[in-house]
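With this note's numbering, letter number 384 in the sequence shown gets 420, and the count goes up by one each step, no holes. Even for Gly, the Cβ is constructed at its ideal location relative to N, Cα and C. Below: the structure, in structure tokens.
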Amino acid sequence: MTFSTFTRKMRGRMRSNTCRIVLLTSLVWVIFDFVLIARYSDCIGKDGWRCKRSGEYDVELPNAERLVDDNQLVDDNEINTEKSLDGESGGALIMGQGFASGGISMTYPSVVLKKWFLAPSVQEAKGKPGEMGKPVKIPADMKDLMKEKFKENQFNLLASDMISLNRSLTDVRHEGCRRKHYASKLPTTSIVIVFHNEAWTTLLRTVWSVINRSPRALLKEIILVDDASERDFLGKQLEEYVAKLPVKTFVLRTEKRSGLIRARLLGAEHVSGEVITFLDAHCECTEGWLEPLLARIVQNRRTVVCPIIDVISDETFEYITASDSTWGGFNWKLNFRWYRVPSREMARRNNDRTAPLRTPTMAGGLFSIDKDYFYEIGSYDEGMDIWGGENLEMSFRELAKLLRAMLAIVKLCVIASSARVSAGTWRMFTPRA
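Put into structure tokens, the structure is as follows:
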């Protein structure tokens with residue numbers, strides 16, 4: 037056998053072995069992908085595995101009576117917090133029920149839950165600008181001033197200053213949402229709001245909307261985190277103002293510009309409530325916004341809950357309702373996007389628009405999470421300098437740790453907030469419940 041013949045045979049064998057290795061590796065990855073898809077898919081086949089069964093994912097709570105506006109206490113019969121909103125023990129709808137090898141309990145000790153009253157509706161101040169979420173009309177002789185003030189925060193600051201800090205809003209909830217019943221006892225929450233050079237009226241309108249439309253017993257405190265603001269009115273003047281509010285409110289300050297994530301972590305360190313609720317500094321909570329968020333978490337502490345996010349016009353401050361048929365996702369550039377809810381998810385919910393959505397990812401500006409669970413999954417990455425990736429990070433942490441926790445968009449809850457969408461434009465949104 038010549039050397040050239042031997043070389044050709046060896047090359048042929050190497051090619052053959054390489055093909056076998058490639059095929060075997062591909063087969064392993066196909067099996068692995070199938071297992072992952074089967075593990076995390078909502079439903080396989082019309083009546084197959086993980087498809088919704090009768091009685092599953094129902095949101096109505098059988099033993100809790102809704103509060104009434106005359107401050108009557110809810111019924112004393114507590115729901116069984118060992119039983120989920122979904123009709124199965126421990127929260128069957130959750131993307132990943134707690135792991136057996138430790139971690140926080142999925143339910144709260146009854147001693148930390150609080151009885152609550154409905155917050156009274158904010159009455160319309162007839163004739164005042166912006167009441168009931170209506171657009172503000174700027175007189176022609178003030179247009180130049182409006183344009184000048186617009187540059188300060190990239191929204192119509194003149195219109196904002198004309199609107200009451202306690203302005204009324206239309207109850208935009210779905211009719212079915214208004215009839216929902218919630219547990220007679222819920223965990224308390226601390227509101228964490230980060231701001232940097234925020235306008236006075238938008239910041240305080242956010243705070244007042246939380247105070248006015250939240251059951252007082254569930255509102256532990258409001259924590260304002262100043263990320264190195266440079267405006268004088270956000271200093272001592274703000275501290276003196278919030279000290280007089282009817283709900284415990286205080287201001288924390290970073291020593292230097294830290295960015296949204298590190299500022300939020302500072303606020304989270306001072307939380308004393310059971311649940312952390314992060315809000316933007318330019319939003320308005322609507323009627324009944326808080327109860328649905330806490331009602332999901334009380335059933336399973338490993339649930340991260342987001343409200344519907346409506347829009348407030350950056351030019352007129354008009355309240356504009358957004359679609360309730362979208363959920364969070366991302367593209368291949370890892371940019372967060374809103375996508376239409378697929379038919380399989382609508383079918384899983386029996387086409388009930390008031391039922392929570394199981395969303396792949398969430399918007400980062402507004403959400404509630406159990407305090408201990410927030411730290412159990414690693415909280416935020418301190419290395420993040422600007423906003424925009426924390427929402428995907430929070431979503432991926434749960435998958436990376438194989439936690440069976442639900443990211444849910446609660447359709448009963450609505451908020452409107454202002455989020456910067458580009459260097460020169462603002463969109464304003466509001467939480468709605």
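The criterion of a C-beta distance shorter than 9 Å is satisfied by T362 and R376.
Using a 10 angstroms sphere on the CB of H318, the tally of other CB atoms reaches 16 or more, which defines it as buried. Secondary structure at K221: strand, using DSSP grouped into helix, strand and coil.
Per the DSSP secondary-structure output, V261 pairs in a beta bridge with V230 and L288.
Taking E160 as the centre and dropping the five residues before and after it, the same chain places the C-beta of E167, M168 and S204 closer than 6 Å to its C-beta, in chain order. T237 is bridged by DSSP to nothing; it lacks a bridge partner. By the Cβ-count criterion, D180 is exposed, with fewer than 16 other Cβ atoms from all chains shown falling within 10 Å of its own Cβ. Rounded to the nearest angstrom, the gap between the Cα atoms of G419 and S157 is 42 Å. By the neighbour-count definition (other C-beta atoms within 10 Å, threshold 16), N192 is a buried residue. For P328, the enclosing alpha helix (DSSP H) starts and ends at E327 to Q335. Sixteen is the threshold: when 16 or more other Cβ atoms of the shown chains lie within 10 Å of the Cβ of Q335, as they do, the residue is buried. Residue environment for K369: exposed (fewer than 16 other C-beta atoms within 10 angstroms of its C-beta).
The Cβ-Cβ distance between H306 and L330 does not fall below 9 Å. Going by beta carbons, V311 and D263 fall outside the 9 Å limit.
The shortest CA-to-CA distance from D207 to any of E320, E257 and A219 is the one to E320. Our two residues, Y409 and K164, have alpha carbons roughly 43 Å apart in a direct line. For P145, the number of other beta carbons within 10 angstroms of its own is below 16, and it is reported as exposed. For I199, there is no enclosing beta strand (DSSP E), as DSSP marks it with neither H nor E. Taking C-beta atoms as the reference points, C342 and L402 count as a pair closer than 9 Å.
DSSP links Y375 through a beta bridge to W363. According to the DSSP secondary-structure assignment, L255 is paired through a beta bridge with T225. At least 9 Å separates the beta-carbon of T225 from that of L194.
For F403, the uninterrupted beta strand (DSSP E) segment begins and ends at F403 to D406. Between R298 and W152, the gap from beta carbon to beta carbon reaches 9 Å or more.
Between K284 and N189, the alpha-carbon positions lie close to 28 Å from each other. Distance from the CA of N386 to the CA of P396, rounded to the nearest whole angstrom, comes to 19 Å. Note on geometry: alpha-carbon atoms of D197 and N371 lie some 34 Å from one another. Following the DSSP letters along the chain, one finds L315 in no alpha helix (DSSP H) but inside the beta strand (DSSP E) bounded by residues V311 to L315. Looking at P328, I247 and W244, the one whose alpha-carbon comes closest to that of A219 is P328.
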